[in-house]
Amino acid sequence: MNVMRTRFLALALRILSVCLLLVEGVRAADSGETLYNGIVLPRQWPPRLPDFAMSVEKDPVIPPYLVSPPNVISIDVGRQLFVDDFLIAETTLKRTFHLPKYHPASPVLKPDKPWEMENPDHAAAMVFSDGVWYDPKDELFKMWYMVGESAATAYATSRDGIKWDKPSLDVRPGSNIVQPGGRDSSTVWLDLDEKDPARRFKMFRVIGAGGADPVTEWNNWVIAIHFSPDGIHWGDSVAKTGRVVDRSTVFWNPFRKVWVYSIRHVYKAGDTVDKRYGFPRRRSYHEDQDVLAAARWEVNEPLRWTDVDRLDPQRDDLQIKPQLYNLDAVAYESLMVGFFTIWRGQPADRHKPNNIVVGYSRDGWHWSRPDRRAFCSVSDRQGDWNANNVQFAGGGFLVVGDELYFYVSGRTGRPGGNKAGTCTTGLATLRRDGFASMDAGETGSTLTTRPVRFSGKHLFVNVDDAKGELRVEVLDQTG
1259 MNVMRTRFLA LALRILSVCL LLVEGVRAAD SGETLYNGIV LPRQWPPRLP
1309 DFAMSVEKDP VIPPYLVSPP NVISIDVGRQ LFVDDFLIAE TTLKRTFHLP
1359 KYHPASPVLK PDKPWEMENP DHAAAMVFSD GVWYDPKDEL FKMWYMVGES
1409 AATAYATSRD GIKWDKPSLD VRPGSNIVQP GGRDSSTVWL DLDEKDPARR
1459 FKMFRVIGAG GADPVTEWNN WVIAIHFSPD GIHWGDSVAK TGRVVDRSTV
1509 FWNPFRKVWV YSIRHVYKAG DTVDKRYGFP RRRSYHEDQD VLAAARWEVN
1559 EPLRWTDVDR LDPQRDDLQI KPQLYNLDAV AYESLMVGFF TIWRGQPADR
1609 HKPNNIVVGY SRDGWHWSRP DRRAFCSVSD RQGDWNANNV QFAGGGFLVV
1659 GDELYFYVSG RTGRPGGNKA GTCTTGLATL RRDGFASMDA GETGSTLTTR
1709 PVRFSGKHLF VNVDDAKGEL RVEVLDQTG
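So for the sequence shown, the numbering used here puts the first residue at 1259; every next one is plus one.
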């Protein structure tokens, strides 16, 4: 059983990420579940919050594992990223966060079919969560997306993730529509761990519930769940969730092996809200290891989860407090990466100028958002493909060689109003593992990790040191 600390001496270089292929599990008595990284959860998990804080000026929630990290951190699972101080005992390096850049081919998917262009105020071939995946079975990139005013779901394929084809299919003959029913938000998940081939693809489609709920008054939405063997032929829904609000999504947390329903919070009749902001957009949470069991809840059962805080900037031209419109998430290497769509008001002369802010979680519940810049930029020039309402694809992002591919929707807007205009899908790219780097100056800097436990034999460090050097020292618990 190996326990060590590692000291890095960096001279005029950038430490981009660390991969320690090493670990044994750590168990803790008298507590709840011990996670893959050594974090010990309380017996009651997920946490039960009595309610959201009403103030939009509240302080950010600091993840407890950053306040009191494990005495020994297990690092066997995935590459270890320095996006926070979880792994760091002390350092004189400076952390720099990096943003993806839009691919010059963006938008990579545009409305060019009759069923996508029925209404010029909302011509659409865009991901509204939906899903973009690489399927190893037939070595194709696959995209599910919202089409036009009808809000049906269509399907496209690609060999490289950049040039996309819209195949003619038999669901609606002569088109690439695979789910003709209308929807609001939708999530499509390629489940590579599913043992039943008929359920390999999962669709979570937000649809009307058929009338206002007497308890919630206006929350007349549910999520319809569909399965498919090929992502094309879906059939009828196999189940429907409890009540949600329109922009609700789903993701899989493989570290805890649970399906998570990321729910736009449902307010009940009589709930107290700050009437200056109406019913603020916030997130509630429901989980289970079984995807259908996770879908069953009563009105007040989903847990209060996450929200904006005082560090989320408002627009100078609107002076409206921001709200959390959506949260999609995906596992990447040794943590969960979340994409927070921040609603920042509705101008009279443009569509929603939302921002996407990236967050990181090591327990699947608490989020650290150290960089509040727009992760994928929104253009201030009306008519640009990404001028309005940039939102993420379901499934998060793809690893393509040494790059990460991020797919987002964008809307051009329409002159003189706040209509969506032409809605397309763009592509942004970032170097693999490139969310954050630890940078040294000309005089050199050091980084010492917390004690880590491992079972491997090799230490890999991702370094850009064209004009510098890296020295690594392995320490025992006494230093």
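For glycine and all other residues, C-beta sits at the position ideal for the given N, C-alpha and C.
Query raised in the report: Counting pairs of beta carbons, one from the segment 1698-1711 and one from the segment 1343-1361, are three or more of them closer than 8 Å?
Result: Taking 8 Å as the limit for Cβ pairs, the verdict is that the segment 1343-1361 does touch the segment 1698-1711.
Report task. Can you tell me which of the three DSSP states E1731 falls into? Result -> Within the sequence shown, the letter at position 473 stands for residue 1731. In the displayed model, E1731 falls within a strand according to three-state DSSP.
Query raised in the report: Taking just the CA atoms, how far does S1332 sit from W1623?
Result: Mapped onto the sequence shown, residue 1623 falls at position 365. Mapped onto the sequence shown, residue 1332 falls at position 74. The alpha-carbon separation between W1623 and S1332 amounts to approximately 19 Å.
Query raised in the report: From the DSSP output, which residues share a beta bridge with C1681?
Result: To locate residue 1681, count along the sequence shown from 1; it is residue 423. Beta-bridge pairing links C1681 to A1382, R1669.
Query raised in the report: Who are S1592's beta bridge partners in DSSP?
Result: On the sequence shown, position 334 is the one that residue 1592 refers to. Note: S1592 sits in no beta bridge, so no partner.
**Report entry** Buried or exposed (CB count within 10 angstroms, at least 16 for buried), T1736
**Finding:** For the purposes of this step, residue 1736 is taken as the residue at position 478 of the sequence shown. By the neighbour-count rule (16 or more Cβ atoms within 10 Å), T1736 is not buried but exposed.
Requested in this report: Assign M1259 to one of three DSSP states: helix, strand, or coil.
Outcome: For the purposes of this step, residue 1259 is identified with residue 1 of the sequence shown, where counting begins at 1. Interpretation of M1259 is limited by its pLDDT of 44, a score under 50 that renders its predicted location unreliable; the figure taken from the coordinates is listed afterwards. Assignment of M1259 by DSSP, reduced to helix, strand and coil, places it in the coil class.
Report task. Give me the Cα-Cα distance between S1289 and D1723, rounded to the nearest whole angstrom. Result -> Counting from 1 along the sequence shown, the entry for residue 1289 is found at position 31. Counting from 1 along the sequence shown, the entry for residue 1723 is found at position 465. Distance between the alpha carbons of S1289 and D1723: 43 Å.
Query raised in the report: Hey, is the segment 1353-1373 in contact with the segment 1320-1335, meaning 3+ C-beta pairs nearer than 8 Å?
Result: Fewer than three pairs of CB atoms, one per stretch, sit closer than 8 Å, so the segment 1353-1373 makes no contact with the segment 1320-1335.
Query raised in the report: Exposed or buried, K1460, counting other C-beta atoms within 10 Å across all chains shown (16 or more means buried)?
Result: On the sequence shown, position 202 is the one that residue 1460 refers to. Only buried fits K1460, as 16 or more other CB atoms lie within 10 angstroms of its CB.
**Report entry** Option in K1400, W1510, G1406, A1412 with minimal Cα separation from D1418
**Finding:** The sequence position of residue 1418 within the sequence shown is 160, counting from 1. For D1418, the closest of K1400, W1510, G1406, A1412 by C-alpha to C-alpha distance is K1400.
Query raised in the report: Of the choices V1516, M1384, F1344, whose alpha-carbon is the least far from that of G1296?
Result: For this step, residue 1296 is matched to residue 38 along the sequence shown. Looking only at V1516, M1384, F1344, the smallest Cα-Cα distance to G1296 is reached by F1344.
Query - the segment 1714-1731 contacting the segment 1368-1380, beta-carbon criterion three pairs below 8 Å - result: Taking a cut-off of 8 Å on C-beta distances, the segment 1714-1731 does not touch the segment 1368-1380, as fewer than three cross pairs fall below it.
Query raised in the report: Should the segment 1650-1668 be regarded as contacting the segment 1374-1393, the criterion being three or more beta carbon pairs within less than 8 Å?
Result: Below 8 Å, enough C-beta pairs join the segment 1650-1668 and the segment 1374-1393 to call them touching: three or more.
Query raised in the report: Using the rule of at least 16 other Cβ atoms within 10 Å of the residue's Cβ for burial, across every protein chain shown, is R1729 buried or exposed?
Result: Translated into positions along the sequence shown, residue 1729 becomes position 471. By the 10 Å Cβ count, R1729 comes out exposed.
Report task. Report all residues from its chain with a CB closer than 7 Å to the CB of V1648; omit the five preceding and five following residues, and keep chain order. Result -> Here residue 1648 refers to the residue found at position 390 when the sequence shown is read from its first residue. Beyond the five residues adjoining it in sequence on each side, V1648 comes within less than 7 Å, by CB distance, of N1612, I1614, C1634, V1636, V1666, S1667, G1668 in the same chain, given in chain order.
**Report entry** Reference P1372, options V1405, D1379, H1356, closest by Cα
**Finding:** Start at 1 with the first residue of the sequence shown, and residue 1372 comes out as number 114. Closest in alpha carbon position to P1372, among V1405, D1379, H1356, is V1405.
Query - Terminal residues of the alpha helix (DSSP H) in which V1325 lies - result: As a position in the sequence shown, residue 1325 is number 67, starting the count at 1. Note, V1325: alpha helix (DSSP H), 1322-1325.
Query raised in the report: Is the beta carbon of Q1768 less than 8 Å from the beta carbon of W1517?
Result: Absent from the model: residue 1768. The displayed extent of the chain is 1259 to 1737, so no value can be given.
**Report entry** For E1545, the three-state DSSP class (helix, strand or coil)
**Finding:** The count along the sequence shown starts at 1 and reaches residue 1545 at position 287. Collapsing the DSSP output to three states places E1545 in a strand.
Query raised in the report: Which two residues bound the contiguous beta strand (DSSP E) that contains F1399?
Result: By 1-based counting over the sequence shown, the position of residue 1399 is 141. Per DSSP, the continuous beta strand (DSSP E) segment holding F1399 begins and ends at 1398-1405.
Query raised in the report: Does the pairing of the segment 1573-1592 with the segment 1503-1523 give three or more beta-carbon distances under 8 Å?
Result: In the pairwise beta carbon analysis, the segment 1573-1592 is classified as touching the segment 1503-1523: at least three pairs are separated by under 8 Å.
Query - Environment of K1424 [buried if 16+ CB atoms lie within 10 Å] - result: Position 166 of the sequence shown holds residue 1424. Under this definition K1424 is a buried residue.
Query raised in the report: Cα separation between D1451 and V1566?
Result: As a position in the sequence shown, residue 1451 is number 193, starting the count at 1. As a position in the sequence shown, residue 1566 is number 308, starting the count at 1. Here the alpha carbon of D1451 sits roughly 33 Å from the alpha carbon of V1566.
Query raised in the report: Under a Cβ-count criterion, where at least 16 other Cβ atoms within 10 Å of its own Cβ denotes burial, should N1434 be classed as buried or exposed?
Result: For the purposes of this step, residue 1434 is identified with residue 176 of the sequence shown, where counting begins at 1. Classification of N1434: buried, given that the 10 Å Cβ count is 16 or more.
Requested in this report: Name the two residues that bound the continuous beta strand (DSSP E) containing I1578.
Outcome: As a position in the sequence shown, residue 1578 is number 320, starting the count at 1. I1578 -> no beta strand (DSSP E), and no H or E assigned at all.
Query raised in the report: In terms of alpha-carbon separation, which member of P1580, L1576, E1397, K1515 lies closest to D1607?
Result: Numbered from its first residue, the sequence shown carries residue 1607 at position 349. Nearest Cα to D1607 within the set P1580, L1576, E1397, K1515: L1576.
Report task. Pull up the DSSP beta-bridge partners for I1738, would you. Result -> This structure does not reach residue 1738, given that the chain is present from 1259 up to 1737, and the question cannot be answered.
Query - Best match in G1439, G1469, G1702, N1477 for proximity to F1462 [C-alpha to C-alpha] - result: Here residue 1462 corresponds to residue number 204 of the sequence shown, with the count starting at 1. For F1462, the nearest C-alpha among the options comes from G1439.
Report task. Along the beta strand (DSSP E) that carries H1624, what are the first and last residues, could you check? Result -> Taking the first residue of the sequence shown as 1, we reach residue 1624 at position 366. H1624 -> no beta strand (DSSP E), and no H or E assigned at all.
Query raised in the report: Roughly how many whole angstroms lie between the Cα atoms of Q1640 and H1609?
Result: Mapped onto the sequence shown, residue 1640 falls at position 382. Mapped onto the sequence shown, residue 1609 falls at position 351. Rounded to whole angstroms, Q1640 to H1609 spans 9 Å at the Cα level.
Query raised in the report: Any idea what DSSP makes of W1373, helix, strand or coil?
Result: To locate residue 1373, count along the sequence shown from 1; it is residue 115. Helix.
Query - Backbone CA spacing between G1481 and V1557 [nearest angstrom] - result: In the sequence shown, the residue the question calls residue 1481 occupies position 223. In the sequence shown, the residue the question calls residue 1557 occupies position 299. For the sequence presented, residue 1481 should be read as Ile rather than Gly. Going by the C-alpha atoms only, they are around 14 Å apart.
Query raised in the report: So is G1432 buried or exposed if we call it buried at 16+ other beta carbons inside 10 Å?
Result: As a first step, residue 1432 must be located in the sequence shown, where it is residue number 174. With fewer than 16 Cβ atoms within 10 Å of its Cβ, G1432 is classed as exposed.
Query raised in the report: From which residue to which residue does the beta strand (DSSP E) around E1348 run?
Result: Locating residue 1348 in the sequence shown gives position 90, where the first residue counts as 1. Under the DSSP assignment, E1348 falls in the beta strand (DSSP E) whose first and last residues are 1346-1349.
**Report entry** Reduced DSSP secondary structure (H/G/I, E/B, other) of A1467
**Finding:** If you number the sequence shown from 1, residue 1467 lands on position 209. Of the three classes helix, strand and coil, the one that applies to A1467 here is coil, per DSSP.
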